[in-house]
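**Student:**
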Ligand code: GLA
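In my numbering, the protein residues as written are 2 to 729.
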């Protein structure tokens with residue numbers, strides 16, 4: 002619900018449990034008045050009252066700077082007196098930096114218009130409405146439209162900004178973030194994810210002090226060490242109690258998430274494309290669209306915020322038909338064979354997979370080019386290796402289909418190897434700074450996707466193979482950061498656009514792929530989880546969230562990922578034991594149970610498994626099938642965190658109607674002489690009766706007194722506990 006109250010110069014946006022209020026100061030400055038628990042109907046002008054507010058410029062022109070540096074602007078600018086973190090920085094054709102925005106008009110649009118060229122949440126007119134507020138800088142002749150969409154079924158308000166040069170001279174956007182938000186003084190913690198390859202998405206919570214605190218990426222992808230979102234929690238907020246705001250960026254490249262505590266204690270929060278490695282040349286008549294950010298507020302702890310994002314992402318961001326559908330249980334040959342495979346070896350794995358009830362074989366890296374036997378060479382040569390697939394890839398896919406298996410294939414379209422036919426033919430199709438040899442990473446360079454010919458060729462190569470082979474699934478990988486941001490295809494004034502253009506091109510390529518093959522199951526990946534974000538989820542319903550499949554490590558990675566992203570979006574596979582990355586030994590069943598908290602699959606050589614382990618696979622697949630629907634539709638609760646307590650992890654998924662739930666409880670480390678531990682369940686019906694491990698419990702007892710989890714003398718002991726309502 003959006004209401005423009007012209008009499009009081011206020012605009013209110015309401016979701017089911019939250020209210021967001023904008024107000025005009027001095028008749029022309031758009032400011033932020035409130036974001037929090039839903040307010041009652043009626044006049045909200047009391048929100049304007051602030052005994053310490055600086056006088057508005059019309060009343061006190063001599064102290065305008067005091068006003069500009071303290072008023073809670075809805076989209077902060079720079080250069081003329083607001084010294085806080087800006088959302089928009091513009092350089093005029095004269096080379097001068099300054100921007101002041103004045104309110105022009107506001108309108109409400111039913112539904113939600115698409116964002117040109119960018120992924121964004123969606124909904125029909127019964128689910129979402131949109132507010133557009135036009136601001137203008139009359140000196141630059143720059144129009145800024147702030148976009149807000151308000152969902153009626155989930156507590157999310159989206160924000161974005163569209164900038165149009167209405168003048169006669171070009172301007173340079175030096176920064177164009179998705180939003181800024183000024184919040185009242187308080188003690189806040191910033192919650193983000195950090196990490197590295199194989200230990201992505203570690204949760205970090207830091208108190209916000211004076212000055213700035215930020216998370217971000219200038220790697221061209223979000224990176225293993227960052228994720229494009231942040232939460233801002235009141236100091237005492239925990240999983241179940243307290244206030245917390247969430248800000249999630251629907252974008253897959255460089256980003257800046259910054260929280261600044263100003264000299265007066267108030268907070269300015271910003272999120273958007275990182276201003277480093279970014280300029281955008283806006284010629285007269287041109288428009289720049291900033292990516293969308295998803296804002297949410299919870300007064301009942303961090304858990305509610307996570308569940309809100311899970312719902313939003315599943316209902317209003319993932320377009321794939323697979324979002325609420327059965328996904329195939331797959332086996333991926335990467336950690337089974339690495340580069341050492343051919344069709345015969347894969348068919349043996351496929352036969353074992355079929356026997357065990359697995360539904361798809363994914364052929365990973367190494368299938369293409371003339372010599373892709375190591376991670377050097379052939380990226381760009383997207384034709385199957387003739388020695389490995391003597392009859393070609395389409396014939397191989399046909400064999401899999403005849404066996405009753407689906408076929409998946411790995412690509413890394415954004416990279417080019419020096420030792421490739423593509424590079425020999427088009428040496429200019431790599432990002433390269435004039436006079437410098439581009440920096441190698443995993444022996445590969447980045448394809449210059451600002452060059453339309455390069456983008457068209459790579460898109461065509463993938464489409465052609467999918468067309469000819471009838472592949473059912475693609476794993477789209479990206480194994481290095483972007484450096485050497487120089488393009489032979491762009492003029493000097495547009496070189497600062499390369500990183501963003503790269504992301505836009507990836508979106509276009511995936512859009513093109515899905516437009517022709519709407520039934521294709523796309524899984525994104527970037528060296529594990531270095532591009533796990535809301536932008537990619539618009540194209541793929543699942544993303545490979547880490548190359549680390551060690552169950553103890555995975556539990557932490559999955560906990561971090563689940564802070565924002567639904568369980569059903571996380572690719573999770575059963576790896577080998579001892580596990581390569583950690584040398585840790587674990588039971589086959591434990592590994593499988595941990596991987597069931599995600600889109601399930603196997604990534605080991607099925608032909609080398611012991612008979613005993615192999616015989617367990619059909620039951621594992623069957624268990625996953627029983628859990629999958631709940632994972633796709635239910636509510637997620639963090640019950641115990643191994644990251645926090647050092648020994649026990651427990652996660653619950655409950656059906657929305659509370660009739661059914663399951664818990665994955667993993668005792669990572671045995672506690673000597675430990676007695677049972679209470680798992681305080683959530684999301685059940687207090688008055689209903691449930692069967693749990695053969696006993697009957699009332700719902701309120703499971704939630705208030707807790708379910709006593711028996712202690713086992715066994716490291717890495719995993720249990721899936723099902724909770725089902727029974728007749729009274
Ligand atoms: C990345 C992926 C892996 C695998 C390899 C192949 O590291 O995350 O799953 O596909 O690339 O080179």
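Ideal placement from N, C-alpha and C gives every residue a C-beta, glycine not left out.
Between the C-alpha atoms of residue 198 and residue 224, what's the straight-line distance to the nearest angstrom?
**Tutor:** Using only the alpha carbons, I get a separation of about 9 Å.
**Student:** With contact counted as at least three CB pairs below 8 Å, one residue from each stretch, are the segment 570 to 587 and the segment 540 to 554 in contact?
**Tutor:** Yes, they touch.
**Student:** Can you give me the start and stop residues for the beta strand (DSSP E) that residue 310 sits inside?
**Tutor:** Residue 310 -> not in any beta strand (DSSP E); alpha helix (DSSP H) instead, spanning 302 to 317.
**Student:** Sorted by chain position, which residues of the same chain lie with C-beta nearer than 8 Å to residue 498's C-beta, five sequence neighbours on each side aside?
**Tutor:** 279, 280, 281, 282, 451, 491, listed in sequence order.
**Student:** Would you identify the three-state DSSP class for residue 104, choosing helix, strand or coil?
**Tutor:** The answer is strand: DSSP assigns residue 104 an E or B state.
**Student:** Assuming the contact rule is C-beta atoms closer than 8 Å, residue 250 and residue 273 should be a hit. Round their C-beta distance to whole Å, please.
**Tutor:** That belief holds up - the Cβ atoms of residue 250 and residue 273 are roughly 7 Å apart, short of 8 Å.
**Student:** Using the beta-carbon count (16 or more within 10 Å), is residue 441 buried or exposed?
**Tutor:** That one is exposed.
**Student:** Would you grab the beta carbon distance between residue 727 and residue 697 for me? Rounded to a whole angstrom, and I think it's under 8 Å.
**Tutor:** 6 Å between Cβ atoms; contact.
**Student:** If you follow the beta strand (DSSP E) that residue 496 is in, where does it begin and where does it stop?
**Tutor:** No beta strand (DSSP E) contains residue 496, which DSSP labels as neither H nor E.
**Student:** For residue 137, does the three-state DSSP call read helix, strand or coil?
**Tutor:** If DSSP states are grouped into helix, strand and coil, residue 137 belongs with the strands.
**Student:** Could you check whether residue 318 and residue 123 sit closer than 9 Å to each other, using their CB atoms as the reference points?
**Tutor:** Their beta carbons are under 9 Å apart, which means residue 123 touches residue 318 by this criterion.
**Student:** Going along the chain, which residues put their C-beta within less than 7 Å of some heavy atom in the ligand GLA?
**Tutor:** The answer, residue by residue, is 335, 365, 366, 376, 411, 476, 478, 480, 526, 528, 529, 545, 548.
**Student:** Just tell me which of 376, 593, 445 has its CA closest to the CA of residue 578.
**Tutor:** Residue 593 is the option with its Cα nearest to residue 578.
**Student:** For the beta strand (DSSP E) that residue 228 lies in, which residues bound it at each end?
**Tutor:** Where residue 228 is concerned, there is no enclosing beta strand (DSSP E), given that its DSSP letter is neither H nor E.
**Student:** Could you tell me the alpha carbon to alpha carbon distance between residue 611 and residue 214, rounded to whole angstroms?
**Tutor:** Those two C-alpha atoms are separated by around 51 Å.
**Student:** Going by alpha carbons, who is nearest to residue 391 out of 355, 675, 343?
**Tutor:** Residue 343 is the option with its Cα nearest to residue 391.
**Student:** Work out the CA separation of residue 240 and residue 183 for me, nearest whole Å.
**Tutor:** In a straight line, the C-alpha of residue 183 is about 24 Å away from that of residue 240.
**Student:** Going by DSSP, what residues sit across from residue 183 in a beta bridge?
**Tutor:** Paired residue(s): 269.
**Student:** Who are the near neighbours of residue 598 in its chain, counting only those whose CB is closer than 7 Å to its CB and skipping five residues on each side?
**Tutor:** 559, 568, 573, 652, 665.
**Student:** Nearest-angstrom Cα distance between residue 313 and residue 157?
**Tutor:** Spanning the two alpha carbons is a distance of roughly 7 Å.
**Student:** Hey, residue 385 and residue 378: beta-carbon distance below 9 Å or not?
**Tutor:** In this structure, residue 378 does not lie closer than 9 Å to residue 385 by Cβ.
**Student:** Does the beta-carbon of residue 592, which I'm using as the reference point, lie nearer than 8 Å to any heavy atom of the ligand ZN?
**Tutor:** Questions concerning the ligand ZN fall outside what the structure shown contains, since the ligands it does hold are the ligand GLA.
**Student:** Relative to the C-alpha of residue 416, which candidate in 289, 459, 401, 438 has its C-alpha closest?
**Tutor:** The shortest Cα separation from residue 416 among 289, 459, 401, 438 belongs to 459.
**Student:** Below 6 Å CB to CB, which residues in the same chain sit around residue 621 once its five sequence neighbours on both sides are set aside?
**Tutor:** Same-chain partners within the cutoff: 593.
**Student:** Looking at the unbroken alpha helix (DSSP H) that takes in residue 463, where does it start and where does it end?
**Tutor:** Residue 463 -> alpha helix (DSSP H) spans 453 to 470.
**Student:** Tell me, please, which residues DSSP counts as bridged to residue 411.
**Tutor:** DSSP output for residue 411 lists 476 as bridge partner(s).
**Student:** Please report the straight-line C-alpha distance between residue 526 and residue 55, rounded to a whole angstrom.
**Tutor:** Spanning the two alpha carbons is a distance of roughly 49 Å.
**Student:** Touching or not, the segment 641 to 661 and the segment 683 to 693, by the rule of three or more beta carbon pairs under 8 Å?
**Tutor:** Cβ pair count under 8 Å is three or more, so yes.
**Student:** Out of 423, 419, 367, point me to the one whose CA is closest to residue 439's CA.
**Tutor:** Residue 419 is the option with its Cα nearest to residue 439.
**Student:** What does the alpha-carbon distance come out to for the pair residue 730 and residue 706?
**Tutor:** Outside the displayed span of the chain (2 to 729) sits residue 730, for which this structure offers no information.
**Student:** Taking only three categories from DSSP, how would you classify residue 259?
**Tutor:** Three-state DSSP puts residue 259 in a strand.
**Student:** Name the one or two DSSP bridge partners that residue 698 has.
**Tutor:** Per DSSP, 691.
**Student:** Quick check: what's the CA-CA separation for residue 30 versus residue 271?
**Tutor:** Their Cα atoms are separated by approximately 18 Å.
**Student:** Along the chain, where does the beta strand (DSSP E) containing residue 448 start, and where does it finish?
**Tutor:** Segment: none, residue 448 is in no beta strand (DSSP E) and carries neither H nor E.
**Student:** Just the C-alpha distance for residue 600 and residue 5, rounded to the nearest angstrom, thanks.
**Tutor:** Using only the alpha carbons, I get a separation of about 44 Å.
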